[in-house]
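Notes follow once the structure below has been shown.
Residue numbers (my numbering): 13 to 346.
Rendered as structure tokens:
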């Protein structure tokens, strides 16, 4: 059982996060486990890139299924949506003392099971011969290589799904409150006013969390919790990761076709995108732009597949609005 103490400060700082590094690390952690059906292609690319580029540090940390993965690999986001560069910088500049404690904690227990890509503790220790700082920099470099080879091309689609999940749960919170959001994440989460309890196969007590992060996952098919087991200064905030909502018809293979998106921004599709700074329904957009609902639906489908708009449902109505990527594009071509 995991228990997370939650004072007023912790509840006030409970928030969702969109993190490219979190997606990458979860892909590594669950690359040899059953993943969500929509993530199978990305998971296969991660494994292939690990093998082909011989990313030995990441293989040693993740392919062995250790009971604990060092927290320096997943620096907690300080903003709602961070950049990969800033997150990799945090990995590369991790505290050497803290990193040594985390690796020591990981290596004290054998891996749950091993894969053919897993490196032995000896090989990980050899990578530490140049010191903890060099080890952290190498881990960050390998993460960048893995990202470029496996996830960079799919990130707009994965991010759109994450943002859609957050938008949907934000509507739930606005209508029914935060307790309803937690109950909807997983039945193993219990709300007890001053604390959360999470029914997991290991015991950990977080005395009082100043921040609680909620991270929708496109890889993990079940609930997981990243909770720092090491006491003392620099303890990381807990992260609850849960499966993001699956949008029917939204798969990894979906790609925009025809002309580049930028070339279409001067036409009807661009007008619709710019009008979605405010959430609107298909019917409302059709009325505002003197179009048939079917024509609007055609444009919205293309924009959604490209990751430029988010879709959420409220009772019997479906609302569309700009994603961060769509907002940036609308600003450039507005």
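All C-beta atoms, glycine included, are put in the ideal place defined by N, C-alpha and C.
From what residue to what residue does the alpha helix (DSSP H) around residue i run?
i	result
residue 195	190-197
residue 147	144-158
residue 229	It is not in any alpha helix (DSSP H) - residue 229 instead sits in the beta strand (DSSP E) that spans 224-229.
residue 208	It is not in any alpha helix (DSSP H) - residue 208 instead sits in the beta strand (DSSP E) that spans 207-210.
residue 108	108-119
residue 39	32-41
residue 96	96-104
Just to confirm before moving on: does the CB-CB distance between residue i and residue j stay below 7 Å?
i	j	result
residue 322	residue 333	yes
residue 256	residue 230	yes
residue 96	residue 154	no
residue 69	residue 164	no
residue 319	residue 115	no
residue 149	residue 72	no
residue 195	residue 202	no
residue 78	residue 41	no
residue 139	residue 100	no
Could you give the distance in angstroms between the alpha-carbon of residue i and the alpha-carbon of residue j?
i	j	result
residue 98	residue 171	17 Å
residue 237	residue 207	15 Å
residue 215	residue 313	45 Å
residue 350	residue 294	Residue 350 lies beyond the range of the chain shown here (13 to 346); nothing can be said about it.
residue 94	residue 28	12 Å
residue 276	residue 329	Confidence in residue 276 is poor, its pLDDT being 44 and thus under 50, which makes the residue's placement too unreliable to answer from.
residue 337	residue 25	25 Å
residue 224	residue 21	10 Å
residue 220	residue 80	21 Å
residue 82	residue 112	9 Å
residue 335	residue 174	10 Å
residue 75	residue 14	25 Å
residue 54	residue 158	11 Å
residue 137	residue 200	37 Å
residue 308	residue 177	23 Å
residue 181	residue 301	29 Å
residue 306	residue 292	15 Å
residue 105	residue 144	10 Å
residue 37	residue 325	30 Å
residue 232	residue 197	13 Å
residue 185	residue 107	37 Å
residue 19	residue 250	14 Å
residue 147	residue 141	8 Å
residue 288	residue 327	20 Å
residue 253	residue 17	18 Å
residue 311	residue 166	21 Å
residue 222	residue 248	10 Å
residue 260	residue 213	Only weak support exists for where residue 260 lies, its pLDDT of 48 falling under 50; the value from the coordinates is given anyway. Roughly 32 Å separates the two Cα atoms.
residue 343	residue 239	39 Å
residue 120	residue 90	30 Å
residue 331	residue 183	11 Å
residue 290	residue 241	42 Å
residue 296	residue 228	30 Å
Where do the ends of the beta strand (DSSP E) carrying residue i lie?
i	result
residue 57	Careful: residue 57 lies outside any beta strand (DSSP E), inside the alpha helix (DSSP H) at 52-64.
residue 28	26-28
residue 326	321-326
residue 90	Careful: residue 90 lies outside any beta strand (DSSP E) and carries neither H nor E.
residue 17	14-17
residue 70	No beta strand (DSSP E) holds residue 70; the alpha helix (DSSP H) holding it covers 68-74.
residue 80	Note, residue 80: premise wrong, no beta strand (DSSP E); not H, not E.
residue 217	216-218
residue 213	Run containing residue 213: none; DSSP gives neither H nor E here.
residue 236	236-238
Would you say the beta carbon of residue i comes nearer than 6 Å to a heavy atom of the ligand MG?
i	result
residue 323	As for the ligand MG, it is missing from this structure, which has no ligand bound.
So, does the CB of residue i fall closer than 7 Å to a CB anywhere in chain D?
i	result
residue 155	In the structure shown, chain D does not exist; there is a single protein chain.
Within the segment 274-308, note down every full alpha helix (DSSP H) run reaching 4 residues or more, in order along the chain.
280-287, 294-301
If we count Cβ pairs, one from each stretch, closer than 8 Å, do we get three or more for the segment 20-37 versus the segment 79-86?
yes
Report yes or no: do three or more beta-carbon pairs, one from the segment 283-290 and one from the segment 302-317, lie closer than 8 Å?
yes
Is there contact between the segment 57-68 and the segment 179-191, where contact requires at least three CB pairs shorter than 8 Å?
no
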